[in-house]
Amino acid sequence: MSAEPLRTVLRSASREVVIGHDTRFTLIGERINPTGRRIFQEQLRAGDFSAIERDVKAQVEGGADVLDINMGVPLTDEPELLAKAIQMVQELTDLPICIDSSVVEALEAGLSVYQGRALVNSITAEDDRMEAILPLVKKYDAAVIALPNDHDEIPMEADKRLDLTAKIVRVATQEYGIAQADIVIDPLAMPIGADTTTSLVTFEVMRRIRDDFGVNMTCGASNVSFGMPGRHTLNATWLPMAMTSGLTSAIMDTRTPQVVEAVKAADLFLGHDDWGMAWISAHRAKQADGA
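Position one of the sequence shown corresponds to residue 7 (the working numbering), numbered consecutively onward.
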């Protein structure tokens with residue numbers, strides 16, 4: 007069975023972004039995240055939000071369409087921190103926001119202050135996660151990223167990931183009344199350094215999810231090159247390959263022109279950039295900057 011490709015609509019107070027199989031790839035800027043950034047964590051604990059302003063600017067200038075915001079700082083009030091960060095980012099940019107937390111209270115705090123239609127990051131196929139988060143997704147009319155894994159186990163076989171995707175889609179649509187278009191599946195991109203066959207499985211998962219469910223997909227794009235040298239080249243090669251398999255967005259660092267340009271070039275070849283206008287205007291803008 008082949009499903010109609012679906013469109014996931016995200017909004018800020020004044021701008022709309024559509025994630026879809028028939029439209030250009032959506033870049034979700036990942037930098038507003040203190041994980042692994044000790045100085046940023048210390049600043050946030052001290053109530054210093056200046057790094058957020060810099061990160062927003064850099065991600066927007068790099069070409070982000072949506073901004074992922076994570077405020078997972080140990081020993082802080084994460085709901086309060088996340089709500090504050092979202093309010094601040096909404097004043098700095100009109101890009102829609104992906105609200106990223108594993109803490110249910112933080113997700114609710116973020117959704118309650120967000121003006122628009124957010125993307126929630128994320129649920130898994132575990133029943134308790136779906137029960138905790140899907141009612142919020144429905145209440146605030148958001149879209150949601152879903153990972154086809156359960157009990158902290160990432161299934162290595164494509165069939166298992168497809169089974170769990172089917173479960174997530176069934177529960178979200180039938181039990182919570184969430185539109186299938188608002189479920190964005192993360193097909194689970196694993197580090198190539200640990201196992202060089204892992205990407206082949208992920209590409210197969212993407213193709214089958216696209217063909218069987220028609221839903222949009224996203225992933226943490228930098229995961230694939232973790233632990234390997236020449237990461238930018240690997241990411242810039244992997245993303246266009248993933249796009250041909252059905253990936254329609256990625257959570258990535260848009261400060262890397264090599265990777266962003268590879269995605270834009272793939273958009274052109276996939277027929278998602280009419281007359282190459284976006285490619286040409288980006289090229290002209292770069293020349294003007296150089297001049």
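For each residue, glycine too, the CB sits at the ideal point set by N, CA and C.
Contact between P85 and V23 does not hold, since their C-beta atoms are separated by about 25 Å, which reaches or exceeds 8 Å.
Here I184 carries a coil assignment [DSSP, helix/strand/coil]. Taking the Cβ atoms as the reference, Q65 lies roughly 7 Å from R261, within the contact range of under 8 Å. A direct Cα-Cα distance of roughly 31 Å separates L194 from R51.
Just measuring C-alpha positions, the residue of T171, R37, W281 sitting nearest E132 is T171. In the three-state scheme derived from DSSP, where H, G and I count as helix and E and B as strand, S108 is classed as coil. Residue pairing by DSSP places R17 opposite E22, R123 in a beta bridge. The DSSP-derived three-state label of L87 is helix. Taking every protein chain shown into account, the CB of L140 has 16 or more other CB atoms within 10 angstroms, so this residue is buried. For the set F55, A91, Q47, the Cα lying nearest the Cα of V79 is the one of Q47.
In the DSSP annotation of this structure, the continuous segment of the beta strand (DSSP E) that includes I75 starts and ends at 72 to 76. Annotation: the continuous alpha helix (DSSP H) that includes I139 extends over 133 to 145.
N222 is bridged by DSSP to V190. T202 is classed as exposed because its beta carbon has fewer than 16 other beta carbons within 10 Å across all chains shown.
When beta bridges are read from the DSSP output, T130 appears opposite L153. Below 8 Å, enough C-beta pairs join the stretch 152 to 160 and the stretch 117 to 129 to call them touching: three or more. Beta-bridge partners of G35 (DSSP): L73, M258. An exposed status is given to F275, since fewer than 16 other beta-carbon atoms sit within 10 Å of its beta-carbon.
The Cβ-Cβ distance between R30 and D192 does not fall below 8 Å. DSSP places E210 within a helical segment (H, G or I) once states are collapsed to three.
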